[in-house]
């Protein structure tokens, strides 16, 4: 690392040489900037003849600009004779030859410098920095490569070469250099991954894969290579191969399984549920004495939960999943280590199986566990509050929400609790109090809560302005509560009754959005698209317009696999709804779909 710092310092020193300028030099610089090279030359020549070698580079550069190559060559050779053994003037002469289309003569000079390099690390670094400062990256690289030979070490100057290869975007050479560094410096793995992620595109990862397989075959004990290979497979979404490599390494090293456990978490985030399930089953198979046995049992069921609820499922799937949770709790008890599984079981029973009493019992037992991790205790309280609300115990619900809000002020958890309290008031028809809470939450640090609070506040104010009794809005809020409970049929019955009972209501776009959300819950994306498009067409300036546009983009991108349509809707957010809270996300997604390398 010290060698790399020396190299950078040398570059900075070279770049800073001659920065102090006289008034004449400043005038010459201005003439050069204006393209008046002869006027600039007259001044630089005068300064140079005054034996002020600080201006030699400017003098030569101006001669080159005027294509006075013979004069430039003569001046450079004079400096070479004056400063015997100084390499920078030789490099300057080579640059003159290059500008004069005499590349062979330039390369001959450079090759001679490299050939005569002493077996001295500082001399190698100095010459390479001079080449780099002259804009000759290729010869800076050649210098370091030759330095390795004369110093008889294959890993010298790796950090400097990584910097140069990254600058040149030479992906093959960069890959090899990082693979040289990593065995002795595994802490550079994250830097290597970040660099590859920045430079590499699709097919480039094949370069890395091939290079890694060769290294692993040659040196199978280098675990850092396998770690990087696993990462490479993840970048290419080849999740099965990523797990296969990690499992092979785990079997060879016979470790505790921590890497497999972390990988499974990554697989779940990427929705590679089947592969994650295979990983958790492997960890469970290692035996009860292993440290990740219990947590893997829990996460295996949680992953199955995500897999089932993310796709089309039948009631039997949910019943089997519920039994898996119950069997787990029967085996390991209801403790700090299984509380998260209790929370997931309750969530399943509330929203999928609609077993409110059972869910309430499980969560009440969870919050009663002594020594429960504070954040988990808080989220269990919030979930229990939701169950109380759905189970006809509203005051118990608001009590729990208020506890969490008080315990976690000015945090995301506290803001979530405050939002749930506001939603409670909205569901029960206390719109004035709800709006007061929502208006505070519009400045929440969580963008999601801030956006939801803004939308609900506007929904209340828009409808109360038309109907001070809020009769139609109360009916809509009851439907909204049923949507939250995933009681879709009940919600649709209420929504369809609003226009019948209150024909002059102002909720047409809200009803469309509610029906779209129900369709998404049911994974009926064609109906959701139809409702959302109707909002965009008939209510382009109303509350849900930008939400509808962004949701259309998301559905086309992630559910219907129509990237072009997705791009169209993300572009519409950018062009038509520049003030939307979705603007940054839409811009990012649009760039990714367009294939921008920087994204």
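In mature numbering (1 follows the signal peptide of the UniProt record, and there is no 0), the protein residues as written are -20 to -1, 1 to 579.
Cβ atoms here follow ideal geometry from the backbone N, Cα and C, with glycine treated the same way.
It should be emphasised that the depicted structure is a prediction, and the values quoted were computed from it without experimental measurement.
1. Keeping to the same chain, check which residues put their C-beta closer than 6 Å to that of residue -19; ignore five residues upstream and five downstream.
2. Should residue 89 and residue 73 be called a contact, given that it needs their Cβ atoms to be closer than 8 Å?
3. Is residue -6 helix, strand or coil when you go by DSSP?
4. Below 8 Å on the Cβ atoms is my guess for residue 421 versus residue 399; work out the distance and round it to an integer in Å.
5. To the nearest whole angstrom, what separates the beta carbons of residue 356 and residue 320, a pair I think is in contact under 8 Å?
6. Pull up the distance between the alpha-carbon of residue 488 and that of residue 498, whole angstroms please.
7. With burial defined as no fewer than 16 other Cβ atoms inside 10 Å of the residue's Cβ, what is the status of residue -14: buried or exposed?
8. On the three-state DSSP scale, how would you describe residue -20?
9. In the DSSP assignment, the alpha helix (DSSP H) including residue 413 goes from what residue to what residue?
10. Hey, how far is the Cα of residue 562 from the Cα of residue 175?
11. Compute the Euclidean distance between the alpha carbons of residue 236 and residue 271, then round it to the nearest angstrom.
12. Between the beta-carbon of residue 209 and the beta-carbon of residue 225, is there less than 8 Å?
13. With a CB to CB cut of under 8 Å and the five nearest residues on each side skipped, what residues in its chain are close to residue -12?
14. For residue 394, name the three-state secondary structure that DSSP assigns.
15. So, at 6 Å on beta carbons, what are the nonlocal neighbours of residue 326 in its own chain, with the 5 sequence-adjacent residues on each side left out?
16. Just curious, the alpha helix (DSSP H) that residue 149 is in, first and last residue?
17. Should the region 411 to 428 be regarded as contacting the region 359 to 379, the criterion being three or more beta carbon pairs within less than 8 Å?
18. At 4 residues or longer, what runs of the alpha helix (DSSP H) sit wholly inside the region 58 to 94?
19. Quick one: is residue 443 buried, meaning 16 or more other Cβ sit within 10 Å of its Cβ, or exposed?
20. Quick one: give me the first and last residue of the alpha helix (DSSP H) that residue 261 is part of.
21. Apart from the five residues on each side of it in sequence, which residues of its chain come closer than 7 Å, Cβ to Cβ, to residue 126?
22. Note down the Cα distance separating residue 483 from residue 365, rounded to an integer number of angstroms.
23. When DSSP labels each residue in this structure, what does residue 545 get in the three-state scheme?
24. Helix, strand or coil, according to DSSP, for residue 305 in the structure here?
25. Pull up the distance between the alpha-carbon of residue 328 and that of residue 282, whole angstroms please.
26. Is it the case that the region 36 to 51 contacts the region 17 to 26, given that we only count it when at least three CB pairs across the two stretches are under 8 Å?
27. Residues in the same chain with beta-carbon distance under 7 Å from residue 396, minus the five sequence neighbours each way, listed in chain order, please.
28. For residue 305 and residue 284, what's the separation of their Cα atoms in angstroms?
29. Output the residue ranges of the alpha helix (DSSP H) runs that lie fully inside the region 462 to 534 and measure 4 residues or longer, sorted by chain position.
30. Whether or not the region 515 to 528 and the region 538 to 545 are in contact is what I'm after, with contact meaning three or more pairs of Cβ atoms, one per stretch, closer than 8 Å; do they touch?
31. With residue 564 as the anchor, note down where its alpha helix (DSSP H) starts and where it stops.
32. Kindly provide the ranges of any alpha helix (DSSP H) runs that are 4 or more residues long and lie completely inside the region 113 to 166, ordered along the chain.
33. By Cβ distance below 7 Å, which residues in the same chain neighbour residue 349 in space, the five residues on each side in sequence not counted?
34. Could you tell me which of 556, 560 and 537 sits nearest to residue 571, measuring between CA atoms?
35. Between residue 37 and residue 552, what straight-line distance do the alpha-carbon atoms span, to the nearest angstrom?
36. Quick check: is the beta carbon of residue 403 nearer than 8 Å to any beta carbon in chain B?
Reading off the structure:
1. Its pLDDT being 41, under 50, residue -19 is placed unreliably by the model, and the measurement read from it follows with that caveat. Excluding sequence neighbours, residue -19 sits near nothing in its chain.
2. yes
3. Low per-residue confidence applies at residue -6: pLDDT is 40, beneath 50, and the placement is therefore not dependable enough to give any value.
4. Between residue 399 and residue 421 the Cβ distance is about 6 Å, and since that is below 8 Å, they are a contact.
5. About 6 Å separates the beta carbons of residue 356 and residue 320, which is inside the 8 Å limit, making them a contact pair.
6. 16 Å
7. Bear in mind that the predicted position of residue -14 carries a pLDDT of just 42, short of 50, making it too unreliable to give a figure here.
8. Model confidence at residue -20 stands at a pLDDT of 40, short of 50, so the residue's coordinates are unreliable and nothing is read from them.
9. 411 to 421
10. 29 Å
11. Spanning the two alpha carbons is a distance of roughly 7 Å.
12. yes
13. Reliability of the predicted coordinates at residue -12 is poor, the pLDDT of 35 falling under 50, and the value obtained from them is presented with this limitation in mind. The answer is none, since no qualifying residue turns up.
14. The DSSP-derived three-state label of residue 394 is helix.
15. 339, 342 and 343
16. Annotation for residue 149: no alpha helix (DSSP H) segment contains it, and DSSP assigns it neither H nor E.
17. The region 411 to 428, when compared against the region 359 to 379, does not touch it at the 8 Å Cβ threshold.
18. 67 to 79
19. buried
20. For residue 261, the enclosing alpha helix (DSSP H) covers residues 253 to 265.
21. 94 and 97
22. Going by the C-alpha atoms only, they are around 35 Å apart.
23. helix
24. helix
25. Residue 328 and residue 282: Cα-Cα distance of roughly 10 Å.
26. yes
27. Taken in chain order, the residues that qualify are 362 and 429.
28. 11 Å
29. 468 to 481, 488 to 501 and 505 to 518
30. Segment contact: the region 538 to 545 against the region 515 to 528, fewer than three CB-CB distances shorter than 8 Å; contact not assigned.
31. 563 to 574
32. Fully enclosed alpha helix (DSSP H) runs of 4 or longer: 117 to 131, 138 to 148 and 151 to 161.
33. 314, 315, 316 and 319
34. 537
35. CA-to-CA, the gap between residue 37 and residue 552 works out to about 53 Å.
36. Among the protein chains of the structure shown there is no chain B, as only one such chain exists.
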